[in-house]
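So the sequence shown is residues -22 to -1, 1 to 299, counted in mature numbering (1 follows the signal peptide of the UniProt record, and there is no 0).
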Amino acid sequence: METPGEACKWLIYLLLCIAADALDTILSVVASNSRPKPHVLPSDVDELSDNQILELTQKASKLHSSSAIFRITPHTVAKASQDLDEDAADASEANALTLVFAKTKIPVPRVRRVVKRKWDHLIVMDYVRGSTLAEIWSNLSIRKKICVAFILRRYVRQLHCLKASPTTPPGPLSVQGPRICESPIFGQVRSHRGPFASYAELSAFFKKRCKMTLDSNQVPEDDPSRKESFDDSSPLVLTHQDINPRNIIAGEDGRLWMIDWAWAGYYPPWFEYVAMQRQKKNEEYIGFKDHFWENLIPFVCGPYFRQEKWLLRMSRGLYFK
């Protein structure tokens, strides 16, 4: 049950979101939606063979010491796919990037090649020049931070317009069918679950885990919390699931770029909000703690407070295999 304070907070964020969306719709009529020119032109790896790309990757240096991304040419980088399925038929991150590039106006690195290796795929994509939000956030004015929030909300809205078909399974995008799902939603004890053959199967998984939690806590059968359930009222939509300051690049072209789509997939829209909240806590562990960023999350993703509260209450059920 929501307290009056929680209900008021939800209403304020909801009204802000509605007002922002209306303003964005008006501005989109007059604003340019053209893509940056370099990202619709041929790439400097187009004429290279797969073997040549693999050789370049072996010789290349890491883009950053803490990452596994390699700068293989002046304009391209390469990274390994992170799919958890054995012998995955394709790279789900590349599939997500390709879909976002084709169906939205969100600036993302364009996939130039996917090379199959023994254990994974090598994803070759455009190199985005710029600084991450994590690097520049503290130097931005309040006005610019609010502008960032408006832009990120626009991106999330575009993502959530990409709905899965009724027969599409939840999780990573793949021609292979259901795939293992990795998400902050599943918690830190075991961050991957599935595969789930359908939305109903994903919903049933969470409902079962919720019952396990309530039973272990000896919650009476007539307790109101027994009536609350997994929110599957909205269709599955494309979600990024790792929106954090390190994965947003303020490009030299003046645009905000979204990178690192390894966890992207079709999930309920409220997963984006909860994932962003949980990744915020991870950012705190590595030194990024900002209350303004924290307060922007319900605006960027929508105020899914009730769903987050439900997930927190049943999270003990996710400790079990």
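For every residue, glycine included, the Cβ atom is placed at its ideal position computed from N, Cα and C.
Length-filtered (3 minimum) beta strand (DSSP E) runs lying within the region 214 to 298: Counting only runs of 3 or more, we get 215 to 217, 226 to 229, 234 to 236 and 243 to 245.
Are the region 117 to 133 and the region 97 to 108 in contact at 8 Å, needing three or more beta carbon pairs? They do not touch, by the three-pair rule.
As assigned by DSSP and simplified to three states, the class of histidine 138: Residue state, collapsed to three classes: helix.
Which of the three DSSP states, helix, strand or coil, is assigned to isoleucine 129? Helix, per DSSP.
For the alpha helix (DSSP H) containing isoleucine 114, name the first residue and the last one. Unbroken alpha helix (DSSP H) run through isoleucine 114: 111 to 114.
Hey, could you find the ends of the alpha helix (DSSP H) threonine 191 is sitting in? Here the alpha helix (DSSP H) through threonine 191 covers 177 to 194.
Separation of leucine 100 from arginine 91, as counted between CA atoms: Cα to Cα, arginine 91 sits roughly 8 Å from leucine 100.
Check whether the Cβ atoms of histidine 218 and leucine 111 sit closer than 8 Å, and answer yes or no. No, the Cβ-Cβ distance between histidine 218 and leucine 111 is not below 8 Å.
Is glutamate 64 helix, strand or coil by DSSP? If DSSP states are grouped into helix, strand and coil, glutamate 64 belongs with coil.
Pairwise C-alpha distance: leucine 1 and valine 7: So the two alpha carbons sit approximately 10 Å from each other.
Put valine 102 into one of helix, strand or coil per three-state DSSP. DSSP places valine 102 in strand when its eight states are reduced to three.
Does DSSP put lysine 37 in a helix, a strand or coil? Three-state result, lysine 37: helix.
Is glutamate 25 helix, strand or coil when you go by DSSP? The three-state reading of DSSP puts glutamate 25 in coil, since its state is none of H, G, I, E or B.
Please report the straight-line C-alpha distance between residue 300 and threonine 3, rounded to a whole angstrom. In the structure as shown, the chain starts at -22 and stops at 299, and residue 300 therefore has no counterpart that could be examined.
Nearest-angstrom Cα distance between cysteine 188 and aspartate 200? Computed Cα separation, rounded: 15 Å.
Relative to the C-alpha of serine 203, which candidate in Pro213, Thr191, Glu272 and Ile(-5) has its C-alpha closest? Looking at the Cα atoms, Thr191 is the closest of the given residues.
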